[in-house]
Each structure stands twice: as C-alpha cells, then as structure tokens.
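Colleague: Numbering (the numbering used here), first residue to last: 143 to 223. Just so you know, even glycine gets a beta-carbon here, dropped at the ideal spot from N, CA and C. Quantities reported herein were computed from a predicted structural model and do not represent experimental measurements. Can you read through this structure? Questions will come right after.
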C-alpha cells in the first residue's frame with residue numbers, strides 16, 4: 143500500500159506549524175520524488191533560507207529511512223497579525 147501524497151504533505155506542514163507557530167503559510171510548492179509505502183519510516187525536516195521583516199522562506203522535505211527524499215518543497219510564511 144502506498145501512502146497518498148496529501149498525507150506526506152501533512153507531515154511537512156506539521157513541522158512548519160510546530161516550528162514557526164507565530165507565522166502562517168502564505169505559499170507552498172512541492173515535488174513528490176519517491177513513494178512512501180506502508181511500514182516505511184520517514185523524517186520531516188527543513189531549513190530557513192531567507193528572513194525578511196514579516197516573512198520567512200524555507201526549504202522543507204520528507205526523507206525515507208535510508209536516505210531517499212520522498213518530498214521536497216519551498217514554503218513562504220508570514221507573521222500572524
């Protein structure tokens with residue numbers, strides 16, 4: 143059984159929400175690079191690539207145990223009012 147793409151995106155969104163709680167998602171663009179199958183272990187992560195006055199840009203990913211990248215994305219977040 144293959145994990146559906148929206149579930150994989152949710153893992154990455156959870157990392158953004160937990161890590162940057164004072165910000166809301168403004169833009170998100172992703173590429174699905176590998177399938178996640180039933181029983182696979184994954185790790186979501188990311189790095190901040192740019193910081194402006196009220197905006198943060200990030201590169202985020204979902205990696206399979208063993209190193210393959212299942213999802214790669216760019217996200218822009220803006221500070222909550």
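Mind checking which residues open and close the alpha helix (DSSP H) that includes residue 161?
Modeller: 147-161
Colleague: Residues in the same chain with beta-carbon distance under 6 Å from residue 204, minus the five sequence neighbours each way, listed in chain order, please.
Modeller: A distance below 6 Å between beta-carbons, with the five flanking residues on each side excluded, links residue 204 to the following residues of its chain, in chain order: 150, 153, 154, 184, 186, 212 and 213.
Colleague: Give me whichever residues DSSP pairs with residue 207 in a beta bridge.
Modeller: None; residue 207 has no bridge partner.
Colleague: Would you list the one or two residues that DSSP bridges to residue 168?
Modeller: As DSSP reads the structure, residue 168 sits in no beta bridge.
Colleague: Alpha carbon to alpha carbon, how far is residue 222 from residue 161?
Modeller: 14 Å
Colleague: Roughly how many whole angstroms lie between the Cα atoms of residue 198 and residue 218?
Modeller: 6 Å
Colleague: Out of curiosity, what's the CA-to-CA distance linking residue 192 and residue 172?
Modeller: 18 Å
Colleague: For residue 169 versus residue 216, is the C-beta distance shorter than 9 Å?
Modeller: Cβ atoms of residue 169 and residue 216: closer than 9 Å.
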